[in-house]
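Novice:
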Amino acid sequence: ARADRQGRGRDCGKCPGPRRLLGRCQWPSGVFIASMDSQREALQRIITTLANKDDEIQNFIETLNHTLKNVQVNTTKVMIDLEEEFGVLQATLDDMKASMVNKVKQEQEYKSQELQNQLTICNNALEGSEELLEYANRTLSTADPEAFTKV
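Just so you know, we're using this note's numbering here: the sequence shown kicks off at 235 and counts up by one.
#1: Taking only three categories from DSSP, how would you classify residue 282?
#2: Can you grab the Cα-Cα spacing for the pair residue 277 / residue 292, in whole Å?
#3: Out of curiosity, what's the CA-to-CA distance linking residue 379 and residue 367?
#4: According to DSSP, is residue 373 part of a helix, a strand, or is it coil?
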């Protein structure tokens with residue numbers, strides 16, 4: 235009876251071999267069972283927490299993989315867009331360059347023609363001036379006063 239009051243002597247059926255003598259539990263009744271039950275509950279909570287964390291990590295890995303794939307796809311798209319934009323810009327610049335080169339050549343032709351015209355006029359004026367100078371020198375060298383006034 236004293237053993238029962240202390241919780242000993244009842245067979246819990248869960249005590250390991252050396253603690254079990256003559257089919258009777260040597261632990262105070264319920265201490266071993268409660269301790270083991272609380273350990274099982276704690277272990278179950280740990281397992282549940284670990285499983286939840288595993289799911290969270292799996293979801294995070296999936297999110298990272300999805301984000302990485304999006305970054306790669308977006309980078310490729312941006313590179314293609316840049317190539318297209320720079321192609322358009324290059325074509326526009328090439329057109330502008332051709333137009334400006336054409337304008338410069340036209341301006342060069344116009345200025346060259348104007349300068350050539352001025353050069354021709356100046357050469358004609360110089361030739362006329364030289365003829366006039368030669369005539370004036372001949373007139374000056376004339377000794378006859380009547381020939382001088384006729385000239």
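Even glycine gets a Cβ: it sits at the ideal position worked out from N, Cα and C.
Specialist: Let's see:
#1: helix
#2: 22 Å
#3: So the two alpha carbons sit approximately 20 Å from each other.
#4: helix
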